[in-house]
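K.L.:
Quick one: this structure, given as structure tokens, is what I'll be asking you about.
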Amino acid sequence: MTHTVTTLGSKSLRSRRGTVWTEAPGQPWAPLIPTRRPGTGPRGRSGGRSGGREATRGPKENPEQWPRSKRSRCGRSKPSYTLWCVIVTGLIIFTELLKSAPPLEVGYHSFKDVAEIHSFRTSLLSWYDKSKRDLPWRRLVTTVSDLNKRAYSVWVSEIMLQQTQVATVIDYYNKWMQRWSTLQDLSKATLEEVNEMWSGLGYYSRGRRLHEGAQKVVSEFKGEMPKSAEELQKLLPGVGRYTAGAVASIAFGQVTGVVDGNVIRVLSRTRGIGADSTSPAVTEALWLLANTLVDPARPGDFNQAMMELGATVCTPKAPLCPECPAQPHCRAYRRVGFIHTLNLMKLPSMLDIEECSAGSCSLCFPASQCWDGSLGVMNFPRKPVKKPPRVERTLTCVVERPTNAGGLEYFLVQRPSSGLLAGMWEFPCAFLETEVSEKEQKQILSDRLNSLLGRSTTPADLQHVGEVVHIFSHIHQTYRVYIHFLSEEPDAAAVKKEATETPSSSSRWVTKDGLHQSAVSTAMKKVRALGRFS
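Residue 1 is where the sequence shown starts when you use the UniProt record's numbering, and the numbers rise one by one after that.
Structure representation (structure tokens):
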């Protein structure tokens with residue numbers, strides 16, 4: 001015979017054998033205490049063998065404290081408090097895990113319906129309207145009615161912002177627009193003037209192509225900018241898919257998305273895209289998402305909001321997830337919460353967490369790359385390991401000479417019109433293929449100076465003043481810096497001789513002020529800062 005409980009959750013339960021299980025007052029889920037109906041024994045018959053002992057034992061006895069033999073006679077005891085807690089806790093954990101676990105659906109990397117897309121747009125634009133930074137190119141777009149001038153200003157800002165921080169660009173942008181406020185103004189400038197204005201901004205080919213593009217618009221399109229992303233990308237030099245989309249959406253209102261580094265980060269995290277973000281398949285998927293999400297009523301603002309979110313909130317390091325308007329839609333954030341729940345409950349990994357149920361998905365984490373719990377949402381996006389920059393050593397010599405006015409002049413050489421730092425001015429340099437002694441370095445430089453200056457220079461004339469390290473995107477460059485001071489003042493004959501032997505198109509002497517105004521690279525500015533010639 002066993003005690004069969006017929007009702008769960010009630011205050012008292014009656015068994016078939018007559019035992020009443022009563023909940024202890026004020027102790028929910030406490031062990032139920034058995035009592036007897038007056039006049040009944042354990043067999044349910046009045047006057048049974050234990051009937052006389054009912055009053056003395058009463059409700060103080062707990063079946064779990066009975067001897068094993070007695071428990072076996074009276075049947076299985078009531079589930080204990082600990083068991084009830086385990087059951088309830090398990091149900092709670094299971095419910096929470098279902099809420100936070102990534103859904104296993106084929107469309108995991110996309111948005112499920114129009115309602116979710118609308119919610120994403122609304123939240124992002126509302127945040128942008130309240131939090132956007134006050135930037136000069138944004139002010140110009142909202143205050144200028146001329147679409148052509150508006151497109152030009154966006155074009156300039158987007159070219160400058162490539163690979164360059166906003167704080168650095170602001171000053172360059174303001175100076176540029178003050179000097180060349182229209183396409184026509186820029187088209188009339190010389191490349192030398194453009195390089196001088198671009199000096200210090202880096203990636204100098206950007207300025208050259210912007211100049212070429214302005215000349216093409218004026219000469220071939222009568223000064224009218226192409227108005228669609230497709231035409232901008234096809235017709236203008238240096239305008240890629242991103243720049244074309246930005247100009248078309250912000251200046252002309254074309255409903256087209258943009259994908260830059262900031263947008264890649266936002267989309268990779270919100271849609272759980274863990275594959276290499278530089279691969280063609282992932283790139284196309286990101287563009288498809290961007291074009292799907294863009295708000296048709298405010299395409300320019302939406303694209304700027306996506307970039308603003310990536311630059312200020314969804315940052316590469318230390319992202320501000322609690323402040324993010326995209327948090328309710330963020331797969332990466334949900335995944336972090338899911339893993340945190342498992343760790344909080346001290347449970348083992350219950351599931352092999354997959355990003356989607358599409359089998360071998362080209363957008364998910366590759367099998368060779370595991371989730372790094374210390375990174376959280378920063379697991380996204382994934383990029384291939386960069387190759388270390390190429391190490392190069394270059395000899396450079398700052399050549400000075402006094403002027404008749406009592407100042408100093410510096411000798412500069414122009415780099416080739418193509419390649420790294422194309423068209424920029426620099427101090428005479430000589431590439432060092434292998435490591436050699438200082439004596440040999442001086443000999444190499446003196447030979448180089450003899451060919452440039454047209455006068456005899458010996459290794460003893462050169463003084464080593466230090467080294468400058470400059471890192472380009474793909475080159476780790478070390479400059480061994482020497483100085484050569486020409487003590488004699490130039491006479492008219494010497495100046496005339498140098499003018500004939502040193503072509504002005506590829507080399508020149510400049511004063512200190514002229515040196516500051518010349519189109520010299522950041523690396524040469526570091527060289528210039530060494531020693532007495534600063």
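Note that the Cβ used here is the ideal one computed from N, Cα and C, for glycine as well.
1) What residues are listed by DSSP as bridge partners for S205?
2) Is it true that the segment 513-528 meets the segment 409-424, where meeting means three or more beta-carbon pairs spaced less than 8 Å apart?
3) Less than 7 Å separating the beta-carbons of Y203 and Q233?
4) Are the segment 326-345 and the segment 151-160 touching by the rule of at least three beta carbon pairs closer than 8 Å?
5) In terms of residues, what are the limits of the beta strand (DSSP E) holding L289?
6) Taking the alpha carbon of T122 as the point to measure from, which residue in V169, W287, P296 and D134 has its own alpha carbon closest?
7) Three or more C-beta pairs closer than 8 Å, one from the segment 455-474 and one from the segment 424-431: is that the case here?
8) In the DSSP assignment, find the alpha helix (DSSP H) that holds H476 and state where it starts and stops.
9) Cutting at 6 Å between CB atoms, please list the residues of its own chain near A151, excluding the five before and the five after it.
10) Taking S487 as the reference, give the member of N343, G406 and E435 with the closest Cα.
11) Only counting the same chain, and skipping five residues up and downstream in sequence, which positions put a Cβ closer than 7 Å to that of L125?
12) Hey, out of S518, R390 and T315, whose CA is closest to E433's CA?
13) Looking at T256: is its Cβ nearer than 7 Å to the Cβ of A285?
14) Going by alpha carbons, who is nearest to D185 out of L210, M345, T403 and I264?
15) Does residue 535 pass the burial test, meaning 16 or more other C-beta atoms within 10 Å, or should it be called exposed?
16) Using 8 Å for Cβ pairs, my map puts G213 next to G245. What's the rounded Cβ distance?
17) Would you list the one or two residues that DSSP bridges to C429?
18) Looking at Y482 and L445, is the spacing between their C-beta atoms short of 7 Å?
19) In the DSSP output, which residue or residues are listed as bridge partners for V413?
20) Is V469 buried or exposed, if buried means 16 or more other CB atoms sit within 10 Å of its CB?
21) Is D276 closer than 7 Å to P384 when the C-beta atoms are compared?
22) State the Cα-Cα distance for the pair I170 and C314, rounded to the nearest angstrom.
23) Report yes if the CB atom of E308 is closer than 7 Å to the CB atom of K130, and no otherwise.
24) Assuming H470 is part of the beta strand (DSSP E), what are its boundary residues?
25) Give me the DSSP bridge partner(s) of P389.
26) Alpha carbon to alpha carbon, what distance is there between G207 and L201?
27) Check the C-beta distance from S521 over to L421 and give it rounded, since I have them as a contact under 8 Å.
28) Just reading off the alpha helix (DSSP H) that A529 is part of, what are its end residues?
29) Exposed or buried, which one is V336 when buried takes at least 16 other CB atoms within 10 Å?
30) In terms of alpha-carbon separation, which member of S506, V398, D146 and T312 lies closest to A167?
P.N.:
A quick look at the data gives this:
1) DSSP output for S205 lists no bridge partner at all.
2) With the rule of 3 Cβ pairs closer than 8 Å, the segment 513-528 counts as touching the segment 409-424.
3) Contact flag unset, no.
4) No: fewer than three Cβ pairs fall under 8 Å.
5) It is not in any beta strand (DSSP E) - L289 instead sits in the alpha helix (DSSP H) that spans P280 to L293.
6) Comparing alpha-carbon positions, the option among V169, W287, P296 and D134 lying closest to T122 turns out to be P296.
7) Cβ pair count under 8 Å is below three, so no.
8) H476 -> not in any alpha helix (DSSP H); beta strand (DSSP E) instead, spanning I475 to F485.
9) Cβ neighbours of A151 beyond the five flanking positions: M225, V247 and A251.
10) Closest in alpha carbon position to S487, among N343, G406 and E435, is G406.
11) Hits under 7 Å: D295, R298, D301, F302 and A305.
12) E433 has its Cα closest to that of R390, out of S518, R390 and T315.
13) One thing to note: T256 has its Cβ no nearer than 7 Å to the Cβ of A285.
14) Closest in C-alpha terms to D185, from the list L210, M345, T403 and I264, comes L210.
15) Limits of the chain in this structure are 1 at one end and 534 at the other, which puts residue 535 out of reach.
16) 16 Å between Cβ atoms; not a contact.
17) T396, per the DSSP bridge assignment.
18) Closer than 7 Å, so yes.
19) According to DSSP, V413 bridges with E426 and S507.
20) Looking at its Cβ environment, which holds fewer than 16 other Cβ atoms inside 10 Å, V469 is exposed.
21) Yes.
22) I170 and C314: Cα-Cα distance of roughly 22 Å.
23) Not in contact: E308 and K130 (Cβ atoms no closer than 7 Å).
24) Per DSSP, the unbroken beta strand (DSSP E) holding H470 starts and ends at Q463 to I471.
25) Looking at the DSSP assignment, P389 forms no beta bridge with any residue, so it has no partner.
26) Whole-angstrom Cα-Cα distance: 9 Å.
27) The beta-carbon distance between S521 and L421, rounded to whole angstroms, is 5 Å. This is short enough to meet the 8 Å contact definition.
28) First-last for A529: undefined, no H or E at that position.
29) Buried, by the Cβ-count rule.
30) Of the listed residues, the one whose Cα sits closest to A167 is T312.
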